[in-house]
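This report refers to the structure that appears directly beneath it.
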Amino acid sequence: MGIKKLASHLNLSIATVSRALNASDEVSAATRQRVLEAAAELGYSPNKAAESLRKGRIDTIGLMLPMRNPEENYTLSLFLTLADGIQAVLAQHQLDLAIYQSNSDEDELGRLRRIVERRQVDGLIVSGTRRHDARLDYLAKQKFPFVAFGRSDSGGDHAWLDLDFEAAAQEAIARLVGFRHQRIAIGMPGQDAMQAHVYLKGYKRALRHFGLRFDASLALHDELSERGGYRITERLLASPTPPTAILFQSDCMAIGAYRKLSELGLRPGKDIAISGGVLTGEMPDYLSPRLTGFSIPVRELGMRMAEAILARLPGTRTHDKRVLVQEVWPLQFKARSSDASEEK
């Protein structure tokens with residue numbers, strides 16, 4: 142059954158039925174309920190293609206996950222929880238969520254262009270931001286609605302939500318200094334990753350605060366994966382003057398460090414302190430010793446991202462071009478025993 146037959150059955154205009162089906166405030170609650178009940182009873186199914194053409198929208202938001210190598214799967218659980226929060230809010234507005242991921246820089250930007258040019262979504266949430274991010278510059282130039290998960294020097298004045306990596310690094314360093322560490326290393330993702338830039342900034346600031354000298358040989362970058370953490374640990378411990386503590390940006394890198402330490406017969410929290418950064422899943426709870434780090438309200442963050450993109454989306458009930466969400470979310474410190482060793 143089409144909308145014409147449904148309107149005829151109810152003795153209402155097509156416009157009124159359409160407004161009722163789309164939860165318009167121009168239709169009374171009683172009329173809306175009557176239309177919805179009749180639609181369910183008669184098996185009405187909207188023509189989504191025609192509806193999209195009429196509204197100029199396809200009622201779908203895209204989520205671009207960070208580019209990854211085939212080995213980098215651990216943080217996917219975080220993004221699945223994030224997507225669940227996003228979808229929870231979108232569903233209240235009868236919107237769907239499409240998830241995209243690429244395996245290379247070129248494919249990532251090319252896919253983004255195709256998504257926008259083909260109007261596959263009405264707006265985008267872009268994650269894994271870089272200091273210099275061609276994706277954000279492109280979206281800003283196209284005036285395409287988007288929200289970034291992470292800050293960037295690109296994209297002009299745009300909506301974003303980020304984690305307070307700087308404060309997290311400072312808090313982790315303060316705890317390690319409290320355990321009398323002075324040679325504290327830091328392991329981060331690639332150098333252009335915005336989160337690494339902010340984390341390193343907090344690390345340097347904390348060192349200055351405690352009167353410790355920054356040593357570039359103790360600040361290493363590698364891929365955001367277990368393998369990346371393994372390689373960073375290997376390089377640090379091969380030094381003539383290895384660190385007594387390592388601060389990682391993510392628990393997946395710390396897991397790689399555990400593997401390398403085990404091979405060397407060393408114990409986290411006893412022979413060397415390990416601080417795990419952002420805890421993205423349940424794995425840190427099953428490590429021995431349990432991993433110190435920071436938890437984040439992932440689902441709530443996803444819900445807020447959905448609200449932020451809806452505010453940028455013309456034609457939605459919550460659209461307000463005056464609203465430009467730019468928020469830094471705090472992380473909750475979880476003190477465990479992996480970083481409790483003291484410098485000898």
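The number in my numbering is simply the position in the sequence shown, starting from 1, with 141 added.
No residue lacks a Cβ here, since even glycine has one placed at the ideal position from N, Cα and C.
Fair warning: this is a prediction, and the values are worked out from it, not measured in the lab.
Can you tell me the Cβ-Cβ gap for Met205 and Leu253, rounded? I've got them flagged as a contact below 8 angstroms.
Rounded, the Cβ-Cβ distance is 7 angstroms, consistent with contact.
In the structure shown, what three-state DSSP assignment does Ala357 receive?
Helix.
Measure the C-alpha to C-alpha separation of Ala203 and Pro384 and round it to an integer number of angstroms.
According to the sequence shown, residue 203 is Gly rather than Ala. Going from the Cα of Gly203 to the Cα of Pro384 covers about 42 angstroms.
Going by alpha carbons, who is nearest to Val419 out of Tyr340, His273, Ile240, Ser293?
Comparing Cα positions, the closest option is Tyr340.
Need the endpoints of the alpha helix (DSSP H) that Phe220 sits in, please.
Segment 217-232, the alpha helix (DSSP H) holding Phe220.
Contact defined as beta carbons within less than 8 angstroms: I believe Leu361 pairs with Met394. What is the distance between those atoms, to the nearest angstrom?
With 8 angstroms as the limit, Leu361 and Met394 do not qualify as a contact, their Cβ atoms being about 10 angstroms apart.
With 16 other CB atoms within 10 Å as the buried threshold, where does Ala170 fall?
Under this definition Ala170 is an exposed residue.
Where Lys345 and Phe355 are concerned, what is the direct C-alpha to C-alpha distance, given to the nearest angstrom?
Spanning the two alpha carbons is a distance of roughly 7 angstroms.
Suppose you measure from the CA of Gly331 to the CA of Arg368; what does that come to, to the nearest Å?
Going from the Cα of Gly331 to the Cα of Arg368 covers about 13 angstroms.
Under 6 angstroms Cβ to Cβ from Ile327, same chain only, skipping five residues before and after it: list those, please.
Closer than 6 angstroms at Cβ, skipping near neighbours: Tyr344, Ala360, Leu388.
So the alpha helix (DSSP H) Ala337 belongs to, where does it begin and stop?
First-last of the alpha helix (DSSP H) with Ala337: 335-350.
Give me the Cβ distance between Pro425 and Ala308, rounded to the nearest whole Å; I'm assuming they're in contact under 8 angstroms.
Pro425 to Ala308, Cβ: 20 angstroms. No contact.
Between Gln311 and His350, what straight-line distance do the alpha-carbon atoms span, to the nearest angstrom?
Each residue's Cα considered, the two are about 9 angstroms apart.
Contact between the region 293-304 and the region 444-460: three or more CB pairs below 8 angstroms?
The region 293-304 is in contact with the region 444-460.
Going by C-alpha to C-alpha distance, which of Val466, Leu442, Ser479, Ser391 sits closest to Gly422?
Checking every option, the nearest Cα to that of Gly422 belongs to Ser391.
Quick one: what's Pro409 bridged to in DSSP?
Per DSSP, Ile413.
With three or more beta-carbon pairs closer than 8 angstroms as the criterion, would you say the region 219-228 touches the region 429-436?
Flag = no, the region 219-228 and the region 429-436 do not touch.
Measure the Cβ-Cβ separation of Gly410 and Ala334 and say whether it is below 8 angstroms.
No.
Would you kindly report the start and end of the unbroken alpha helix (DSSP H) that includes Val469?
Careful: Val469 lies outside any alpha helix (DSSP H), inside the beta strand (DSSP E) at 467-470.
Using only alpha-carbon positions, find the residue among Ala337, Leu219, Arg316 that is nearest to Lys475.
Lys475 has its Cα closest to that of Arg316, out of Ala337, Leu219, Arg316.
Helix, strand or coil for Met208 per DSSP?
In this structure, Met208 counts as coil in the three-state DSSP scheme.
Would the beta-carbon of Ala275 fall within 8 angstroms of that of Leu304?
No, Cβ-Cβ distance for Ala275 and Leu304 is not below 8 angstroms.
At which residues does the beta strand (DSSP E) containing Met489 begin and terminate?
The structure shown does not extend to residue 489, since the chain is modelled only from 142 through 485, so no value can be given for it.
Pick helix, strand or coil for His362, following the three-state DSSP scheme.
The answer is strand: DSSP assigns His362 an E or B state.
Output yes or no for whether 8 angstroms exceeds the beta carbon distance between Ile325 and Asp263.
No, Cβ-Cβ distance for Ile325 and Asp263 is not below 8 angstroms.
Identify, in the order they occur along the chain, each residue of the same chain with its Cβ nearer than 6 angstroms to the Cβ of Gly269, setting aside the five sequence neighbours on each side.
Excluding sequence neighbours, Gly269 sits near Pro207.
Could you give the first and the last residue of the continuous beta strand (DSSP E) run that contains Phe474?
Residues 473-475.
Quick check: what's the CA-CA separation for Gly184 versus Asp363?
Roughly 55 angstroms separates the two Cα atoms.
Determine which residues share a DSSP beta bridge with Asp303 and list them.
BP columns for Asp303 point to Val469.
In whole angstroms, what separates the C-alpha of Leu231 from that of Ala313?
In a straight line, the C-alpha of Leu231 is about 36 angstroms away from that of Ala313.
Quick one, which of Ser380, Phe306, Ala347 has its alpha-carbon nearest His322's?
The shortest C-alpha separation from His322 is found at Ala347.
Grab me the residues of Glu484's own chain with a C-beta within less than 6 angstroms of its C-beta, minus the 5 sequence neighbours each way, in chain order.
Confidence in Glu484 is poor, its pLDDT being 39 and thus under 50, which makes the residue's placement unreliable; the coordinate value appears in the next sentence. Closer than 6 angstroms at the Cβ level, and outside the excluded window around Glu484, lie Arg321, His322, Thr385.
Can you name the start and end residues of the alpha helix (DSSP H) that Ser403 belongs to?
392-404 is the span of the alpha helix (DSSP H), which, as asked, contains Ser403.
What is the DSSP secondary structure of Val267, reduced to helix, strand or coil?
Correct three-state label for Val267: strand.
Roughly how many whole angstroms lie between the Cα atoms of Tyr371 and Ile256?
Their backbone Cα atoms lie some 36 angstroms apart in a straight line.
Measuring CA to CA, which of Ser479, Arg260, Lys145 is closest to Gln283?
Ranking the options by Cα distance to Gln283, first place goes to Arg260.
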